[in-house]
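Read through the structure below, which is laid out as structure tokens, and then see the notes.
Number of protein chains: 2
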Amino acid sequence: MAYKYIEGSVTAAKGFKASGVHCGIRKNKTKRDIGLIFCEKKCTAAAVYTTNLVQSSPITITKKNLADGYAQAVIANSGNANTCNADGDIKAQQMCDLTAAALGINADDVIVASTGVIGQILPIEPIESGIPELVKELSEQGSSDAAEAIMTTDTVKKEVAVETAIGGKTVKIGGISKGSGMIHPNMATMLCFVTTDAAISSEMLDKAVKETADETFNMISIDGDTSTNDMLSVMASGLAGNAEITEAGQDYDDFVEALTAVCRELSKKMAKDGEGATKLLICKVSGAKTEKDAKGVAKSVICSSLLKAAMFGADANWGRVLCAIGYSGCDVDVHKTDVSFASDKGSISVCKNGAGIEFSEETAKEILLRDEIEIIVELNEGEGFAEAYGCDLTYDYVKINGDYRT
Amino acid sequence: MAYKYIEGSVTAAKGFKASGVHCGIRKNKTKRDIGLIFCEKKCTAAAVYTTNLVQSSPITITKKNLADGYAQAVIANSGNANTCNADGDIKAQQMCDLTAAALGINADDVIVASTGVIGQILPIEPIESGIPELVKELSEQGSSDAAEAIMTTDTVKKEVAVETAIGGKTVKIGGISKGSGMIHPNMATMLCFVTTDAAISSEMLDKAVKETADETFNMISIDGDTSTNDMLSVMASGLAGNAEITEAGQDYDDFVEALTAVCRELSKKMAKDGEGATKLLICKVSGAKTEKDAKGVAKSVICSSLLKAAMFGADANWGRVLCAIGYSGCDVDVHKTDVSFASDKGSISVCKNGAGIEFSEETAKEILLRDEIEIIVELNEGEGFAEAYGCDLTYDYVKINGDYRT
Numbered sequence: 014m015a016y017k018y019i020e021g022s023v024t025a026a027k028g029f030k031a032s033g034v035h036c037g038i039r040k041n042k043t044k045r046d047i048g049l050i051f052c053e054k055k056c057t058a059a060a061v062y063t064t065n066l067v068q069s070s071p072i073t074i075t076k077k078n079l080a081d082g083y084a085q086a087v088i089a090n091s092g093n094a095n096t097c098n099a100d101g102d103i104k105a106q107q108m109c110d111l112t113a114a115a116l117g118i119n120a121d122d123v124i125v126a127s128t129g130v131i132g133q134i135l136p137i138e139p140i141e142s143g144i145p146e147l148v149k150e151l152s153e154q155g156s157s158d159a160a161e162a163i164m165t166t167d168t169v170k171k172e173v174a175v176e177t178a179i180g181g182k183t184v185k186i187g188g189i190s191k192g193s194g195m196i197h198p199n200m201a202t203m204l205c206f207v208t209t210d211a212a213i214s215s216e217m218l219d220k221a222v223k224e225t226a227d228e229t230f231n232m233i234s235i236d237g238d239t240s241t242n243d244m245l246s247v248m249a250s251g252l253a254g255n256a257e258i259t260e261a262g263q264d265y266d267d268f269v270e271a272l273t274a275v276c277r278e279l280s281k282k283m284a285k286d287g288e289g290a291t292k293l294l295i296c297k298v299s300g301a302k303t304e305k306d307a308k309g310v311a312k313s314v315i316c317s318s319l320l321k322a323a324m325f326g327a328d329a330n331w332g333r334v335l336c337a338i339g340y341s342g343c344d345v346d347v348h349k350t351d352v353s354f355a356s357d358k359g360s361i362s363v364c365k366n367g368a369g370i371e372f373s374e375e376t377a378k379e380i381l382l383r384d385e386i387e388i389i390v391e392l393n394e395g396e397g398f399a400e401a402y403g404c405d406l407t408y409d410y411v412k413i414n415g416d417y418r419t
Numbered sequence: 014m015a016y017k018y019i020e021g022s023v024t025a026a027k028g029f030k031a032s033g034v035h036c037g038i039r040k041n042k043t044k045r046d047i048g049l050i051f052c053e054k055k056c057t058a059a060a061v062y063t064t065n066l067v068q069s070s071p072i073t074i075t076k077k078n079l080a081d082g083y084a085q086a087v088i089a090n091s092g093n094a095n096t097c098n099a100d101g102d103i104k105a106q107q108m109c110d111l112t113a114a115a116l117g118i119n120a121d122d123v124i125v126a127s128t129g130v131i132g133q134i135l136p137i138e139p140i141e142s143g144i145p146e147l148v149k150e151l152s153e154q155g156s157s158d159a160a161e162a163i164m165t166t167d168t169v170k171k172e173v174a175v176e177t178a179i180g181g182k183t184v185k186i187g188g189i190s191k192g193s194g195m196i197h198p199n200m201a202t203m204l205c206f207v208t209t210d211a212a213i214s215s216e217m218l219d220k221a222v223k224e225t226a227d228e229t230f231n232m233i234s235i236d237g238d239t240s241t242n243d244m245l246s247v248m249a250s251g252l253a254g255n256a257e258i259t260e261a262g263q264d265y266d267d268f269v270e271a272l273t274a275v276c277r278e279l280s281k282k283m284a285k286d287g288e289g290a291t292k293l294l295i296c297k298v299s300g301a302k303t304e305k306d307a308k309g310v311a312k313s314v315i316c317s318s319l320l321k322a323a324m325f326g327a328d329a330n331w332g333r334v335l336c337a338i339g340y341s342g343c344d345v346d347v348h349k350t351d352v353s354f355a356s357d358k359g360s361i362s363v364c365k366n367g368a369g370i371e372f373s374e375e376t377a378k379e380i381l382l383r384d385e386i387e388i389i390v391e392l393n394e395g396e397g398f399a400e401a402y403g404c405d406l407t408y409d410y411v412k413i414n415g416d417y418r419t
């Protein structure tokens, strides 16, 4: 029914510790490149993954390890995606084996993830030497180090935590995520690890993760490219002491509400930190015939390169919004569509019933020069509502991606 | 069976004249902004249009006028798309009425098209005063002026013509097109007008246009945005004197082959002149289970923002090719996929059976620094083949679209 944001992220919930160190996958010694999350007890766990046919080796191994619905640790590196490598599965399994041995747990209770360049052989030696250090560094204050360790072109760490009450007990949920380019999630997102002390069965956690991903990470697009390594995992320690959630009902709804809050904030942080981005774009679509149509329209608008470039230029080019609605493939009567732009400077209506209306370009400019912009679409045909998250398209996106590998 | 490229474009075929002038829709007086193509006799005619639900008023009027399969003139302006305007249909009809009156033909034999900013009222006065001048200027040398008149952010005119033999008679087919941004055609493209002196029934012309568009314009993407104004029209005067093509057979195949050559060359010219582009990208996919899978894969690769940025940077980041194949939604076994890059400097293999192979970064750089790059994908699963056309993503794309309206 209610939740509040609190400090911290993956170590906010009871039972979790984290760490992040530089092990040598990256040449830059000042950048942490491997992170660990560990729970003192075995957790129920669930995850969603990219739908890309090309999937990273860590995803293959994690799927196998989570088949039983339990996990106790997450090991994740940046600097190398371990994707499209002939020996990828072997290396990902080695990461689990090394982590399990150092922690004294089972290798099939380890979630493994990698992010970075595709198609370069992952060196195992730095990981081998880094894991003992990671275990030594584990602490309740280590979440920021772990968040930093999974960053690639990200410019800021992404950490969120909330506190809520479930069945009369205080429950915490917190997460870290990374992702800045190749972001157009489908059923999952770039790397995101969430922990909670809620008691919830593997089955209900699986359901909650899927529902939440659809509303949050699956509604982000930074560049339309669905990554090969996307993964969102949630581990629940049960240490909050609530009666285990094993079926639909108030407790489950409260859990999903709080989990969604964590994932939505992480989604916004990712979109705002999209490669080269100067602005967060939120497209709010209401009045759609169905929620599916609302989602399709919101995502189509947020994905338009032309609109993204216009937003970078603070240009109220609403024709591009209508154009993107028109090719969304959704059931929409564009002659009923209204469009307005908003930010913390105010709101301005620019299109009514699918046609332009007079508006002050000066006011529009003032609104669009801010760093969080809402593109508000009212379809006037039903009750369907959705939000999608993206960012502007800038010179720096081109710069970052013109020569990412070197 | 055979065709050759010749000089000229829409006035190469017998019976056609064209012109282009500055009438005042644009402020810049040195830029022609309205063009006319006229045939001395009524032609069979066919067209394909954007599938965007938001469609320009000129498309609405042209669809009505081409319902009977005949046309005699094309009137087209740049600088204003006449889309999402309450009075748009009235203005588009006025353009046809004014053109017909000045030429002494029926208003429903006029194809009308507009391109430019969406959602700004089209002023009719400049068009009213420009049409008499256009008619006066009509000549067999006027095709370049017409090609210039339809340019928006295009940096070069796009003109192509071929000569072929059909049933023992020499037949010419030529076309002009424009398009630089908001290019991701679906069933048609930005503005493209083709003329021919072949004799072909309206029904067979319609079939030929659809087939050709699917192979050529529908395989271009510059920025993933499907325009509201896309239109490809073909007018056939019959003055070549061949026996009218009224059914499938050798004559029809010869016609389609030559029409496809014109449209493919115009497609490449458009892709190479994509907004801000420095390179033409051609993705050639072979070995797909079906042609549909080949097309889907080729288009997915050519649309990837990340790959487009990598090509701008001459970076052989083949992982992004595999990633785009993986999310294409096509039936592909990525473990069988080979990738290589080629240009007029040579060819280099970078991925075999879905995994990286050693290659010289130096040689790859040399190949990728050229201005026409082939991305060659061999799926090793069947006979399906397709080509898609696109361009790199550059700083200038962002610059052009950051403030297009002013």
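Heads up: the sequence lines are chains A and B, in that order.
So the first sequence is numbered by the numbering used here: it starts at 14 and just counts up by one.
So the second sequence is numbered by the numbering used here: it starts at 14 and just counts up by one.
From the three backbone atoms N, C-alpha and C, an ideal C-beta is built for every residue, glycine too.
Predicted model only: the values in this text are computed from it and were never measured.
What does the Cβ neighbour count give for T202/A, buried or exposed, with the cut at 16 atoms within 10 Å?
Counting from one through the first sequence, the residue named residue 202/A turns up at place 189. With a pLDDT of 48 at T202/A, under the threshold of 50, the predicted position of this residue should be treated as unreliable, though the coordinate-derived value follows. Label assigned to T202/A: buried.
Helix or strand or just coil, what does DSSP make of I118/B? In the second sequence, residue 118/B corresponds to position 105, counting from 1. Reduced to three states, the DSSP call for I118/B is coil.
*asked:* If contact is defined by three or more beta carbon pairs under 8 Å, each pair taking one atom from either stretch, is the segment 232-240 of chain B in contact with the segment 312-319 of chain B?
replied: yes
| field | Cβ-based neighbour list, C109/B, same chain, cut-off 8 Å, excluding 5 preceding and 5 following | value | Along the second sequence, read from residue 1 onward, the residue named residue 109/B stands at position 96. Taken in chain order, the residues that qualify are I74, N78, I88, A120, D121, V123 and V125.
key: C-alpha distance - I163/B paired with K191/B, whole-angstrom precision   = Translated into positions along the second sequence, residue 163/B becomes position 150. Translated into positions along the second sequence, residue 191/B becomes position 178. If I take the Cα positions, the gap works out to 6 Å.
Starting from S130/A, find everything on chain B with Cβ-Cβ shorter than 7 Å and list it in chain order. Position 117 of the first sequence holds residue 130/A. Looking at the sequence itself, residue 130/A is Val, so the reference to Ser does not match. Here the neighbours are G332.
| How big is the Cα-Cα spacing for P136/A and A159/A? | Indexing the first sequence from 1 puts residue 136/A at position 123. Indexing the first sequence from 1 puts residue 159/A at position 146. For P136/A and A159/A, the distance between alpha carbons rounds to 20 Å.
**Study point:** Assigned secondary structure, Q68/A (DSSP; H/G/I helix, E/B strand, else coil)
**Key:** Residue mapping note: residue 68/A aligns to position 55 of the first sequence, counting from 1. Three-state DSSP puts Q68/A in coil, outside helix and strand.
- Query: From what residue to what residue does the beta strand (DSSP E) around C343/A run?
  - Reply: Within the first sequence, numbered from 1, the residue matching residue 343/A stands at position 330. Where C343/A is concerned, there is no enclosing beta strand (DSSP E), given that its DSSP letter is neither H nor E.
* By how many angstroms is the C-alpha of T241/B removed from the C-alpha of A401/B? -> By 1-based counting over the second sequence, the position of residue 401/B is 388. By 1-based counting over the second sequence, the position of residue 241/B is 228. Those two C-alpha atoms are separated by around 21 Å.
Tell me the DSSP bridge mates of G187/B? Counting from 1 along the second sequence, the entry for residue 187/B is found at position 174. Note: G187/B sits in a beta bridge opposite A174/B and T208/B.
| said: Here's a check: name, in chain order, each residue in its chain whose Cβ is nearer than 8 Å to the Cβ of I370/A, leaving out the five neighbours to either side. | reply: Locating residue 370/A in the first sequence gives position 357, counting from the first residue. Contacts found: S362, V363 and C364.
Margin query: Based on DSSP bridge pairs, tell me the residues matched to N93/A.
Written below: Your numbering for residue 93/A matches position 80 in the first sequence. N93/A is bridged to T128/A.
So, are the CB atoms of A355/B and I389/B less than 8 Å apart? Position 342 of the second sequence, counted from the start, is the residue given in the question as residue 355/B. Position 376 of the second sequence, counted from the start, is the residue given in the question as residue 389/B. It is a contact, given that the beta carbons lie within the stated cut-off.
Would you mind sorting Y18/B into buried or exposed? The rule is 16 or more other CB atoms within 10 Å of its CB.
By 1-based counting over the second sequence, the position of residue 18/B is 5. So Y18/B ends up on the exposed side.
The segment 204-217 of chain B / the segment 249-256 of chain B touching (three or more Cβ pairs under 8 Å)
yes
Leaving out the 5 sequence neighbours to the left and right, which residues in its chain are closer than 7 Å to K341/A when beta-carbon positions are compared? If you number the first sequence from 1, residue 341/A lands on position 328. The sequence shown places Ser at residue 341/A, not Lys. Closer than 7 Å at Cβ, skipping near neighbours: G309, V310 and S313.
> If you run the structure through DSSP and keep just helix, strand and coil, what is M4/A?
Replying inline: Chain A is shown only over 14 to 419; residue 4/A falls outside these bounds and no answer can be derived.
Exercise for review: Would you mind working out which of C343/B, V334/B and A290/B sits nearest K305/B, comparing C-alpha positions?
Suggested key: Residue mapping note: residue 305/B aligns to position 292 of the second sequence, counting from 1. If we check each option's Cα against that of K305/B, C343/B comes out closest.
If you measure beta-carbon to beta-carbon, which residues of the segment 96-113 of chain B are closer than 8 Å to chain A?
T96, C97, N98 and A99
Quiz item: For the segment 280-360 of chain A, which segments carrying the alpha helix (DSSP H) assignment without a break, of at least 4 residues, lie completely within its bounds, in sequence order?
Solution: 304-316, 318-325 and 332-339
What are the boundary residues of the beta strand (DSSP E) that E396/A is part of?
Your numbering for residue 396/A matches position 383 in the first sequence. Taken as a continuous stretch (DSSP letters only), E396/A belongs to no beta strand (DSSP E), as it is neither H nor E.
Requested in this report: With a threshold of 16 other CB atoms inside 10 Å of the CB of I295/B, please say whether the residue is buried or exposed.
Outcome: The residue labelled residue 295/B in the question sits at position 282 within the second sequence. Buried.
Item to complete: Answer with yes or no whether the minimum CB distance from Y62/B to chain A is below 8 Å.
Response: Counting from one through the second sequence, the residue named residue 62/B turns up at place 49. Cβ-Cβ to chain A under 8 Å: no for Y62/B.
Which of helix, strand or coil does DSSP assign to F230/A? Here the question's residue 230/A lines up with position 217 in the first sequence. F230/A: helix per DSSP, three-state reduction.
- Message: Under 9 Å, CB to CB, which of the residues in the segment 367-394 of chain B have a partner in chain A?
- Response: G367, A368, G369 and E374
- Item | Distance, A58/A Cα to N65/B Cα | In the second sequence, residue 65/B corresponds to position 52, counting from 1. In the first sequence, residue 58/A corresponds to position 45, counting from 1. Looking at the two C-alpha atoms, the distance is approximately 43 Å.
- request: Within the same chain, show all residues whose beta-carbon is closer than 6 Å to that of V175/A, passing over the 5 residues directly before and after it, in chain order.
  value: Position 162 of the first sequence, counting from 1, holds the residue named residue 175/A. The residues are Y16, Y18, I186, A271, A274 and V275.
**Item:** Close-in-space but distant-in-sequence residues of the same chain around A31/B (CB under 6 Å, 5 per side omitted)
**Value:** Along the second sequence, read from residue 1 onward, the residue named residue 31/B stands at position 18. Hits under 6 Å: V23, T24, I50, G155, S156 and A159.
query = Just curious, the alpha helix (DSSP H) that A377/B is in, first and last residue?
reply = The count along the second sequence starts at 1 and reaches residue 377/B at position 364. Note, A377/B: alpha helix (DSSP H), E374 to L381.
Exercise. With distances taken from CA atoms, which of D266/B, I258/B, E278/B and K40/B is nearest F230/B?
Worked result: Here residue 230/B corresponds to residue number 217 of the second sequence, with the count starting at 1. Closest by alpha carbon: E278/B.
Q. With DSSP run on the structure shown, which of helix, strand or coil describes S157/A?
A. In the first sequence, counting from the first residue as 1, residue 157/A sits at position 144. If DSSP states are grouped into helix, strand and coil, S157/A belongs with the helices.
Original post:
E138/A: buried (16+ other C-beta within 10 angstroms of its C-beta) or exposed?
Top reply: Residue 138/A sits at position 125 when you count from the first residue of the first sequence. Result: exposed.
### Query
Which residues in the same chain have their Cβ closer than 7 Å to the Cβ of A26/B, if we skip the five residues on either side of it in sequence?
Translated into the one-based positions of the second sequence, residue 26/B becomes position 13. These residues qualify, in order along the chain: K185, I186, G187, T208, T209, D210 and S250.
Would you say T407/B reaches chain A, if we count a Cβ-Cβ gap shorter than 8 Å as a contact?
If you number the second sequence from 1, residue 407/B lands on position 394. Yes, its Cβ sits closer than 8 Å to a Cβ of chain A.
| task | For the alpha helix (DSSP H) containing E385/B, list its first residue and its last residue. | result | Sequence index remark: in the second sequence, residue 385/B carries index 372 (1-based). Careful: E385/B lies outside any alpha helix (DSSP H), inside the beta strand (DSSP E) at E385 to E391.
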